[in-house]
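Right, one structure below, let's go through it.
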Amino acid sequence: MEASEKDILRGGQFLVKETNCEDIFTPEDFNEDQLMMKEAVTEFVDREIWVKKAQFEKKDYALTESCMQKAGELGFLSVSVPAEYGGMGMGFVDTMLVCDYISGATGSFSTAFGAHTGIGTMPITLYGTEEQKQKYVPKLASGEWFGAYCLTEPSAGSDANSGKTKAVLSNDGKSYSITGQKMWISNAGFCSLMIVFARIEDDKNITGFIVEYDPENPNGITMGEEEHKLGIRASSTRQVFFNDTVVPIENMLSTRGNGFKIAMNALNVGRIKLAAACLDAQRRTITESVKYANERVQFKTPISSFGAIRQKIAEMATNCWVGEAASYRAAKNIEDRIELRKHNGKDTHQEAELKGVEEYAIECSILKVAVSEFTQRCTDEGIQIFGGMGFSEETPIESAWRDARIARIYEGTNEINRMLSIGMLIKKAMKGHVDVLTPAMAVKDELVGIPSFDVPDYSELFSEEKNIIKNLKKLFLMVAGAALQKYGEKIEEQQQLMLAASDILIQIYLAESAILRAEKIAQKEGEDQTKEQIAMAKLNLFHAIDVIETAGKHSIISFSSGDEQRMMLMGLKRYIKYVNMPNIIELRHIIAEKVIKENKYCF
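Residue numbers in the sequence shown follow the working numbering, run continuously in steps of one, and reach 986 at the last position.
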């Protein structure tokens, strides 16, 4: 059924509108083609990457390059590339799926794949001229060439637009000469093409360029040595130096001064893809950890039968499952928005994709933060389950832990993304794209009114949890609305309040996604067949309330006082209240029992 403008929530609207479970996409909704693609990718990873994990850890850059070439031969590098440029032209959910399942075995390959298919290729497919796309994209889609993305500089990290690399127009007006230094460039050691950002004269914003690289004819480009890194050890990461590198004028990407916009939009896509790239790493970590816990006998008992280990397994599985729910929900929203824009004839394919992703920039930032943090926690608990062996290079867990650490830094640090999610929500509210003001005023009125003391009927599945989600949204509006009223446009200077607000926002999106996913499965399979998923959704919500309560309380007591503070603290208490508290230990037992019995992550 075709989605209409009315059916699709705009980015950020989840906060002020109710979503029904039938309106979200979940991994259980993968069609036959998607399941075949998942199988093909998993088979490739198991055959070519997982079994060579130890080699990757020995900084075998040539292995990364050869695996990338094989991925190219199988078409995995071309999934999101339009058919007219040699790609498969698949939808956004398909590209998420491939990114998800190709990324779980080692962060080294995952980084090379993500840098090439995302920020190395996508800026050309989205912003390039027809000539640029015809010339470069087929080579990138097939793996004949590999791409790199040169944005970061020694003095320009999170502040990406502050780069000092210069582009000077030649006297004849036919080329630019680029001079400057870039750092932390993924795939630098084997790339044939770079997307380079430089400033022309004293322009306010940087400009993007497509720069070819041939080691035989370096054109003023030199490389630093490979960086020695905590993780992603076989991912080629180098400094790149440009010294009067000549670039034809026709290789400018988009228009002069549009580089910052290109960089930001590339990062939006990169963020949700990074969330996808962190999912299979968790599945594999959980599977390895459970296998070990079932085999490891202490006190004449497999350690998987101990409550302390079962708690870890249940929490790891829950976080992974919740991350899947939220990631694929957003991916389908993006896909539907792209299709709608194309169908309405408003945009070219390029514009539709750009605006489709940009629409959900808030969700992209939320997912980047949440899933990268889940992965770090998962790998850390994996080491703990393995005990001393987890600290050894003989097991796959210590490298998974090291690889996970970078995910909280690249595509914008998690701190930057937390503040972006709130900043973008405020901008959408100002533009009238998300009406936050009306519901915020309603919450204010509700707080001074007399609360109802009726005990509702919560006999229907998730009726209480859905009511709590509604209340958590009110809580966000109460806290954020009051802070915004106090600080106005200067709210962005209150970084600790922005971070706390984003924690609340993140937990609401994830908790709602998990409840809707479990409800959708239960409606199809029956509650008896869905007890583990129901348990995960309930367990996650309980944890979400803990995070939200802390963030809300810290905020309220820091920016308010007197009657206002007392009223908001009472509101906080009201909005996080359960009528029927869940039995947390029982929920964990239900989840762990299933995973331990299946001897793998099985959802």
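From the three backbone atoms N, C-alpha and C, an ideal C-beta is built for every residue, glycine too.
Since the structure is predicted, the reported quantities are computational estimates derived from the model, not experimental observations.
Cβ-based burial, residue i [other Cβ within 10 Å; buried from 16]
i      : result
Leu899 : buried
Ser938 : buried
Gly871 : exposed
Ser619 : buried
Thr762 : buried
Asn838 : Going by the sequence as given, residue 838 is Val instead of Asn. Exposed.
Ile874 : buried
Ser755 : buried
Gly653 : buried
Ile851 : buried
Leu418 : exposed
Val826 : buried
Ser545 : exposed
Coarse secondary structure for residue i, derived from DSSP in three states
i      : result
Phe496 : helix
Tyr743 : coil
Ile939 : helix
Glu536 : strand
Ile809 : helix
Leu636 : strand
Ser569 : strand
Ile768 : helix
Met479 : helix
Ile959 : coil
Gln681 : strand
Ile887 : helix
His726 : helix
Ala897 : helix
Ile391 : coil
Thr731 : coil
Asn982 : coil
His360 : Look at the range of the chain in this structure, 384 to 986, and you will see that residue 360 is not part of it.
Glu385 : Bear in mind that the predicted position of Glu385 carries a pLDDT of just 49, short of 50, making it unreliable; the figure below should be weighed with that in mind. Three-state result, Glu385: coil.
Phe836 : coil
Gly909 : coil
Phe689 : coil
8 angstroms contact criterion, which residue i and residue j should meet: CB distance rounded
i      : j      : result
Ala524 : Leu460 : 6 angstroms
Ile615 : Asp786 : 6 angstroms
Gly563 : Ile632 : Not really, about 18 angstroms apart at Cβ, beyond 8 angstroms.
Tyr675 : Phe757 : Tyr675 to Phe757, Cβ: 20 angstroms. No contact.
Leu636 : Phe689 : Between Phe689 and Leu636 the Cβ distance is about 56 angstroms, and since that is not below 8 angstroms, they are no contact.
Asn648 : Leu534 : So it is not a contact: roughly 13 angstroms between Cβ atoms.
Asn923 : Val673 : Asn923 to Val673, Cβ: 19 angstroms. No contact.
Thr489 : Phe439 : 5 angstroms
Pro465 : Gly472 : 5 angstroms
Tyr444 : Ala617 : 6 angstroms
Val705 : Met919 : 7 angstroms
Residues bridged to residue i (per DSSP)
i      : result
Thr562 : Lys549
Pro410 : Beta-bridge pairing links Pro410 to no other residue.
Leu576 : Gly530 and Glu595
Pro631 : Ser558
Val623 : Lys565 and Met606
Arg582 : Lys549
Thr590 : Ala581
Asn600 : Asp597
Pairwise C-alpha distance: residue j and residue i
i      : j      : result
Glu908 : Pro521 : 44 angstroms
Gly427 : Ile561 : Here residue 427 turns out to be Phe, not Gly, going by the sequence shown. Using only the alpha carbons, I get a separation of about 40 angstroms.
Met384 : Leu723 : With a pLDDT of only 41 at Met384, under the threshold of 50, the placement of this residue in the model should not be trusted, and no figure is reported.
Ser944 : Met802 : 24 angstroms
Leu858 : Cys703 : 26 angstroms
Lys442 : Lys612 : 10 angstroms
Phe625 : Thr796 : 26 angstroms
Gln890 : Ile931 : 7 angstroms
Met824 : Gly511 : 45 angstroms
Gln480 : Ile692 : It should be pointed out that residue 480 corresponds to Leu in this sequence rather than to Gln. C-alpha separation (whole angstroms): 30 angstroms.
Ser558 : Met577 : 16 angstroms
Gln879 : Gly497 : 31 angstroms
Ser896 : Arg712 : 7 angstroms
Ala531 : His499 : 6 angstroms
Val752 : Ala495 : 21 angstroms
Asn677 : Ile979 : 7 angstroms
Glu707 : Glu411 : 10 angstroms
Leu392 : Lys977 : 35 angstroms
Tyr958 : Leu855 : 6 angstroms
Lys587 : Lys518 : 30 angstroms
Cys600 : Ala571 : Just to set this straight, residue 600 is Asn in the shown sequence, not Cys. Each residue's Cα considered, the two are about 16 angstroms apart.
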